[in-house]
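> So for the sequence shown, the UniProt record's numbering puts the first residue at 1; every next one is plus one.
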Amino acid sequence: MTIQHITKRGKHDEEDRLSEFSDCIIIHILSFLSTKDAVRTCILSKRWEHIWKYISNLRLHCSNFSSLKSFDKFVSRILSLRHSKIVLQTVYFERSGSIEFGLLKKVANYVLSHSAKLDRLEIDVKGDICHILPCISSSQTLTSLRLSVSPKGRYNYWRTLFPNSLDLPVLTCLHLGNFVFCATDGGRIDPFSAFNRLSDLIIDNCSVKGANILCMLSQTLVSLTIRNHSFHNYQIELSAPSLRTFAFTGTPYQTLLGTNLSSVKKVIIDAEMLANYSVPPLVLLSWLSSLANIESLTVSAGTLQVLSLAPDILKDAPARLSLRSLRSVKVMLKPLSYGLSMTLNTLRLEKPITAGFEPYPPIPNGILDLLCRNSQSADVAIIECSRLDDSFGCLPLLSSSLFPQFLQPSSWEHVIVDLNLRIQHLSQALQQVLDLETEDIPLTRDVMMATKKHIKMLSKTHAALGRQMYELLGLPL
1 MTIQHITKRG KHDEEDRLSE FSDCIIIHIL SFLSTKDAVR TCILSKRWEH IWKYISNLRL
61 HCSNFSSLKS FDKFVSRILS LRHSKIVLQT VYFERSGSIE FGLLKKVANY VLSHSAKLDR
121 LEIDVKGDIC HILPCISSSQ TLTSLRLSVS PKGRYNYWRT LFPNSLDLPV LTCLHLGNFV
181 FCATDGGRID PFSAFNRLSD LIIDNCSVKG ANILCMLSQT LVSLTIRNHS FHNYQIELSA
241 PSLRTFAFTG TPYQTLLGTN LSSVKKVIID AEMLANYSVP PLVLLSWLSS LANIESLTVS
301 AGTLQVLSLA PDILKDAPAR LSLRSLRSVK VMLKPLSYGL SMTLNTLRLE KPITAGFEPY
361 PPIPNGILDL LCRNSQSADV AIIECSRLDD SFGCLPLLSS SLFPQFLQPS SWEHVIVDLN
421 LRIQHLSQAL QQVLDLETED IPLTRDVMMA TKKHIKMLSK THAALGRQMY ELLGLPL
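#1: Based on DSSP bridge pairs, tell me the residues matched to G250.
#2: Are L145 and L112 closer than 8 Å when you measure CB to CB?
#3: Put F392 into one of helix, strand or coil per three-state DSSP.
#4: A381 lies in the beta strand (DSSP E); which residues open and close that run?
#5: As a quick exercise: from D128, P134, H175, Q235, pick the residue whose alpha carbon is nearest that of D167.
#6: Can the beta-carbon of Y54 be found less than 8 Å from the beta-carbon of I29?
#7: With a threshold of 8 Å, are at least 3 pairs of Cβ atoms found where one atom belongs to the region 202-211 and the other to the region 238-245?
#8: Can you name the start and end residues of the alpha helix (DSSP H) that S19 belongs to?
#9: Taking only the alpha-carbon atoms, compute the straight-line gap between D119 and R82 and give it to the nearest angstrom.
#10: Can you have a look at F101 and say buried or exposed, based on whether 16 or more other CB atoms are within 10 angstroms of its CB?
#11: Do you know how far the Cα of I26 is from the Cα of S19?
#12: Pull up the distance between the alpha-carbon of N293 and that of L336, whole angstroms please.
#13: Is there a Cβ of chain C sitting closer than 8 Å to that of V331, yes or no?
#14: Considering Cα atoms alone, identify which of C206, S218, L147, I226 is closest to F192.
#15: Does F179 pass the burial test, meaning 16 or more other C-beta atoms within 10 Å, or should it be called exposed?
#16: Going by beta-carbon coordinates alone, are F195 and L176 separated by less than 8 Å?
#17: Please go through the same chain and pick out, in chain order, the residues whose beta-carbon is closer than 6 Å to the beta-carbon of T298, but skip the five residues on each side of it.
#18: What are the boundary residues of the beta strand (DSSP E) that Q235 is part of?
#19: Can you tell me the Cβ-Cβ gap for D200 and T172, rounded? I've got them flagged as a contact below 8 Å.
#20: Give the C-beta separation of Y92 and L58 to the nearest angstrom, bearing in mind that I take them to be a contact with Cβ-Cβ under 8 Å.
#21: Closest to T343 by C-alpha separation, out of R40, S308, S45, R244, would be which residue?
#22: Taking DSSP's pairing of strands, which residues face E49 in a bridge?
#23: Can you tell me which of Q254, M273, P252, F246 puts its alpha carbon nearest to the alpha carbon of L261?
#24: Are T143 and V107 touching if we call contact CB-CB under 8 Å?
#25: So V283 and L326 are in contact, right, with Cβ under 8 Å, and what is the actual spacing, rounded?
#26: Count the other C-beta atoms from every protein chain shown that fall within 10 angstroms of the C-beta of L104, then say buried if there are 16 or more, exposed otherwise.
#27: Given a cut-off of 8 Å, decide if V149 and I136 are closer than it, judged by their beta-carbon atoms.
#28: Can you tell me which residues form a DSSP beta bridge with G258?
#29: Where do the N-terminal and C-terminal ends of the alpha helix (DSSP H) with V107 fall, by residue?
#30: What is the residue span of the beta strand (DSSP E) that I123 lies within?
#31: Under DSSP, the alpha helix (DSSP H) around D369 begins and ends at which residues?
#32: Taking a contact to mean a Cβ-Cβ separation below 8 Å, would you say L285 touches L321 in this structure?
#33: Going by C-alpha distance, which of E272, T249, S230, S223 is nearest S263?
#34: Express the C-alpha separation of S207 and S289 in angstroms, rounding to a whole number.
#35: Using only the alpha-carbon positions, how far apart do F21 and F32 sit?
#36: Would you decide whether C385 is buried or exposed? Buried here means 16 or more other CB atoms lie within 10 Å of its CB.
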């Protein structure tokens with residue numbers, strides 16, 4: 001055998017080493033890929049041509065495709081070509097934009113007919129869910145469920161009704177997005193009472209209708225995350241003796257009625273305010289009073305700013321707040337959300353201009369000391385980071401070009417010039433938002449709502465600045 005032959009054989013062995021595995025191992029490896037990448041392996045050799053058809057996972061994400069049309073076509077082909085006897089264990093299906101009724105029905109029917117061993121289901125679509133719910137309504141195997149379903153249409157503000165008839169006896173993880181919980185009687189609603197093994201619950205952009213109290217009564221719940229960007233006022237009755245972690249992001253206008261919460265040791269709060277709602281939320285202090293046994297507290301700089309808006313908080317709060325078990329406090333120095341920044345500016349404009357526009361400190365004076373005052377050994381860490389979870393991040397031009405000019409300090413001598421420049425910047429930003437809203441592109445629901453909030457608050461602040469300048473010049477309004 002010549003050296004040349006040895007080299008060729010060695011190169012061939014390296015290229016075909018993966019094919020030495022059994023089909024079961026290869027199928028297991030491919031199950032970690034997106035379905036699109038798994039299907040691509042069919043070109044490797046004749047043996048690989050059909051292996052992807054036996055994978056028990058479906059990972060279908062429209063972001064992996066150049067257009068929604070090509071994604072829809074791919075989904076239809078995959079469902080028809082998979083081996084008909086292979087049941088599903090995991091399904092991830094995500095599609096932006098309004099999905100056609102026929103395609104969603106096809107996906108739902110396929111999942112339903114292959115769900116004998118379905119363990120994890122994640123669906124994120126914009127359309128009618130009447131064909132999705134039968135896939136999960138009485139699953140005996142489903143342990144993890146994520147449903148984020150928005151109504152079809154660009155200008156729909158309502159949520160999808162969450163059914164009270166789900167029977168999921170082994171469900172442990174539940175993530176709901178854009179649902180409404182509707183009460184049947186008595187002004188109370190308890191949508192999670194049937195899930196006897198639930199340990200992790202995430203409620204994302206959900207609301208309550210026909211009820212004053214949203215109940216979360218669970219003996220098994222360990223982690224609760226609420227994300228809310230509305231100012232709907234209702235009460236959250238929380239009784240969870242096993243709860244260890246509570247996290248909240250958004251606008252805290254809901255009252256927390258907590259019992260059996262002594263087990264909560266870790267709290268994470270990233271509070272903000274809506275741009276078109278200037279009434280500050282005053283419930284954060286009562287939340288912390290209900291969670292008095294926490295050992296770890298993580299808050300954003302915005303959360304401390306929201307706390308500071310409560311009247312006489314430094315005077316009245318010490319009698320109500322006692323976090324004696326606190327061991328760790330982390331303050332995340334993120335840029336303030338657009339709504340909170342505009343609220344702080346509006347409050348500043350309501351006062352006479354005597355010292356210019358002095359910027360607010362990132363951490364309000366006295367608030368951090370208030371949280372730690374009764375703890376003997378709390379370690380405080382200040383962490384600078386970018387804002388990753390910002391519902392207004394879809395409009396980066398406003399945060400990058402407006403605020404550096406709008407929030408700069410100014411002196412009394414140049415205040416009229418500064419006000420005029422700020423009005424100009426604000427007018428330009430307002431036009432940017434209006435241009436974005438009128439562009440002929442499919443905006444998501446969150447982008448659309450954020451845009452409208454920008455317009456309202458920008459207009460309000462623009463008018464306030466104009467009044468201030470007229471008063472300084474002594475001109476009639």
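Quick reminder that beta carbons are idealized off the backbone N, C-alpha and C, glycines included.
On the basis of the coordinates in this document:
#1: Paired residue(s): N228, A271.
#2: No; because the gap between Cβ atoms is not below 8 Å, this pair is not in contact.
#3: The predicted model places F392 with a pLDDT of 34, which falls under 50 and marks its position as unreliable; any figure quoted below should be read in that light. Coil.
#4: Counting along the chain, the beta strand (DSSP E) containing A381 begins and ends at 379-384.
#5: Residue P134 is the option with its Cα nearest to D167.
#6: Using a Cβ distance threshold of 8 Å, Y54 and I29 do not count as a contacting pair.
#7: Too few Cβ pairs lie closer than 8 Å, so no.
#8: Taken as a continuous stretch (DSSP letters only), S19 belongs to no alpha helix (DSSP H), as it is neither H nor E.
#9: When rounded, the distance between both Cα atoms is 19 Å.
#10: With fewer than 16 other Cβ atoms within 10 Å, it is exposed.
#11: Between S19 and I26, the C-alpha separation is close to 8 Å.
#12: Those two C-alpha atoms are separated by around 28 Å.
#13: Annotation note: the requested chain C is absent from the structure, which comprises a single protein chain.
#14: For F192, the nearest C-alpha among the options comes from S218.
#15: Here F179 is buried, its C-beta having at least 16 other C-beta atoms within 10 Å.
#16: For the 8 Å CB-CB criterion, F195 and L176 do not form a contact.
#17: For T298, where only same-chain residues beyond five positions count, the Cβ hits under 6 Å are I268, K330.
#18: For Q235, the enclosing beta strand (DSSP E) has its first and last residue at 235-239.
#19: Contact between D200 and T172 holds, since their C-beta atoms are separated by about 7 Å, short of 8 Å.
#20: With a Cβ gap of about 7 Å, Y92 and L58 count as contacting.
#21: Among R40, S308, S45, R244, the Cα nearest to that of T343 belongs to S308.
#22: Partner(s): none; E49 has no beta bridge.
#23: Among Q254, M273, P252, F246, the Cα nearest to that of L261 belongs to F246.
#24: Result no, Cβ atoms of T143 and V107 do not sit closer than 8 Å.
#25: Contact flag wrong, Cβ pair sits at about 20 Å.
#26: Label assigned to L104: buried.
#27: Contact: no.
#28: Residue pairing of G258 in beta bridges, as defined by DSSP: L238.
#29: Annotation: the continuous alpha helix (DSSP H) that includes V107 extends over 101-113.
#30: 120-126 is the span of the beta strand (DSSP E), which, as asked, contains I123.
#31: It spans 367-372 - the alpha helix (DSSP H) in which D369 sits, taken as one unbroken run.
#32: Yes, these two residues count as a Cβ contact at 8 Å.
#33: Cα-wise, what sits closest to S263 is S223.
#34: When only Cα atoms are considered, S289 and S207 end up about 24 Å apart.
#35: Approximately 16 Å between the Cα atoms of the pair.
#36: Counting Cβ neighbours within 10 Å, C385 comes out exposed, since fewer than 16 surround it.
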